[in-house]
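Comments concern the structure below.
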Amino acid sequence: MVLCASVAALSVCASTVAAAPAHNGEPSLSASSTGQSTRRTGFDPAELQSAVDGVHRAGIPGVYAEVRDAGRTWRGASGVADVTTGRPVSPDMRQRVGSVTKTFTAAAIMQQVEQGRIQLDAPIGGYLPRLVPGERGRKITVRMLLNNTSGIPDYIPYAFPSLQGFPSRPDVSSESLDDNRFRQFRPAELIEMGLAAPPTGEPGGPTGVYSNTNYLLLGQLLEQVTGTTAEKYITRNVIERAGLRHTEFPAGPRIKGPHSQMYEVLYGLIDPPRDYSVYNMSWTGTGAALVSTMEDLNRFYGKLLDGKIVNQSSLAQMQRTIPVRALDGTTIQYGLGLHKVDIRGCGTFWGHDGTVWGAGTMSLTRADGKRQMSVAINLQRWNKVDSSGKPQHHPIDDALPALYRQAMCGDGNEGGVPHARQP
């Protein structure tokens, strides 16, 4: 889904977590984990496993991750994939990765820029006059869609009307979340919802506002210039080019292969947490529908930053960031489908995070491509809200950043580490 500064909180009821047997996943290492090699590569397998376990203890039913550094790989997991059966999570499970999909879509657009079929600063109305007609189509450029400065609002509140205003409004329900489980949305239908809403600002402003509508429009643009569906183009030219074996746009509401249940809490509105692993993802399309693994995500971002998916000129364009307001009101540095994170003492990282109903993912790669982290969790929006509708602090809000710090820095450095995010 969307980018926010803290993949919305999730809040699993204590009894559910307590009833789920803990599982400390067996970490795998591609080299021996002696003290000497740990210092050289910058990660400590025991500390990584401890951090993963900490996220589970804090309230996430299941968490799994892969960390890479200097040719060595660690994979670990903790907790359960199913709170009813106690089935454990494992590091190789497939995950709905949400808005991480946006980097794949942006890379596909940049490939078409390289081939001369798309111009970054051309008006979108020239490509899609029926979808974005009139003055808006003339003012909004392809670049503005990619970096979220188009001023087009997000369609999600209108696709899920029973959730509008939540959590600040008490008179909401999960009705539309359940009603849409098997609904087939058309991209144009969702785009029209976003375009019909009041603009979030003038096109091309100095600060953007994160919106999933932008990336559905980019999917339609890909279809227009390539003559095939965006999903097929991205599969052939991004996913297969990167050598990803477990990444795909799902053909139906079910995830193929080993995967976890996906538990949604909606800030305490859903109690006990409800599984949404079976869901028609047409409501997110080229903005957030991909299924992948943590191994595949690390491989993808490594290839991207190495110039193997787009050329170096295109990568430089993708890494030109501006301030963008995320859905939780925080400001992030956002490029063309890439999020920039500067961590004091650890360097600059590039990647994306994403959430869908019940699942959250974070994938970041250091600018030199050597240090990588991909983390998946199977619970979303865990925080309860107070009487004013403000989410209350939860132990998960400390445990997840601690895991990210350990995975990216390995030294407990706290500067600038991102939180999880959400739609």
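Sequential numbering of the sequence shown, starting at 0, is according to numbering that gives the first Met the number 0. Backbone N, C-alpha and C define an ideal beta-carbon position, used for all residues, glycine too. Here the structure is a predicted model, which is why all the values come from computation and not from measurement.
In this structure Val374 does not touch Ala76 by the C-beta definition: roughly 10 Å separates them, more than the 8 Å allowed. As the crow flies, the alpha-carbon of Thr354 is around 15 Å from that of Phe248. When Cβ pairs closer than 8 Å are counted between the two stretches, the segment 207-215 is seen not to touch the segment 163-180, the count staying below three.
The beta-bridge partner set that DSSP reports for Ala375 consists of Tyr63 and Thr360.
Your pair Gly193 and Val384 does not check out as a contact, with CB atoms roughly 26 Å apart and the cut at 8 Å. The residue among Tyr262, Trp349 and Met92 with its C-alpha nearest the C-alpha of Thr83 is Tyr262. In the three-state DSSP reduction, Arg86 falls in the coil class, being neither helix nor strand. Of the candidates Leu220, Thr329, Ile308 and Arg253, the residue whose Cα lies closest to the Cα of Tyr126 is Leu220. For His258, the closest alpha carbon among the candidates Pro60, Pro44, Gly85 and Asp91 is that of Asp91. Proximity to Ala187 across Leu216, Phe181 and Ala196 peaks at Leu216, based on C-alpha coordinates.
The continuous alpha helix (DSSP H) containing His55 extends over residues Pro44 to Ala57.
Distance from the CA atom of Leu243 to the CA atom of Asp295, rounded to whole angstroms, is 6 Å. If you draw a straight line from the Cα of Ile342 to the Cα of Glu113, it comes to about 32 Å. Setting aside the 5 residues that flank it on each side, Leu176 is surrounded in the same chain by Phe159, Ser161, Leu162, Glu263, Leu265, Tyr275 and Trp356, each with a C-beta closer than 8 Å to its C-beta; the list follows chain order. Rounded to whole angstroms, the gap between the alpha carbons of Glu222 and Arg142 is 17 Å. In the three-state DSSP reduction, Asp341 falls in the strand class (E or B). About 3 Å separates the CB atoms of Thr285 and Gly218; that is less than 8 Å, so the two are in contact. It is roughly 32 Å from the alpha-carbon of Ala241 to the alpha-carbon of Val131. Between Gln371 and Val66, the beta carbon gap of about 7 Å places them in contact (Cβ cut-off 8 Å).
Its Cα nearest to that of Pro156, the residue Leu189 stands out among Gly136, Leu189 and Gly70. Going by beta carbons, Arg71 and Val79 fall outside the 9 Å limit. The Cβ-Cβ distance between Ala107 and Val237 falls below 9 Å. By the 16-neighbour rule on beta-carbons within 10 angstroms, Arg185 is exposed. Counting the other Cβ atoms within 10 Å of the Cβ of Val277 gives fewer than 16, which makes it exposed.
In the structure shown, the three-state DSSP call for Arg180 is coil. Within 10 angstroms of the beta-carbon of Arg235 lie fewer than 16 other beta-carbons, which makes it exposed. By the Cβ neighbour-count rule, Glu230 is buried, with 16 or more other Cβ atoms within 10 Å of its own. Per the C-alpha coordinates, the member of Lys138, Arg116, Asn213 and Leu145 positioned closest to Ile151 is Asn213. One alpha carbon belongs to Met361, the other to Pro390, and they sit about 21 Å apart. For Gln405, the enclosing alpha helix (DSSP H) stretches over residues Ile395 to Met407. Between Gly58 and Pro271, the CB-CB gap reaches or exceeds 9 Å. With respect to Ala366, Ala50 sits apart: the two C-beta atoms are not nearer than 9 Å.
With a cutoff of 9 Å on beta-carbon distance, Val96 and Leu402 are scored as not near each other.
Ile139 and Pro202 have their C-alpha atoms spaced approximately 6 Å apart. Boundaries of the alpha helix (DSSP H) harbouring Ile233: Ala229 to Ile233, taken from the DSSP string. A straight-line Cα-Cα distance of about 39 Å links His245 and Gly388.
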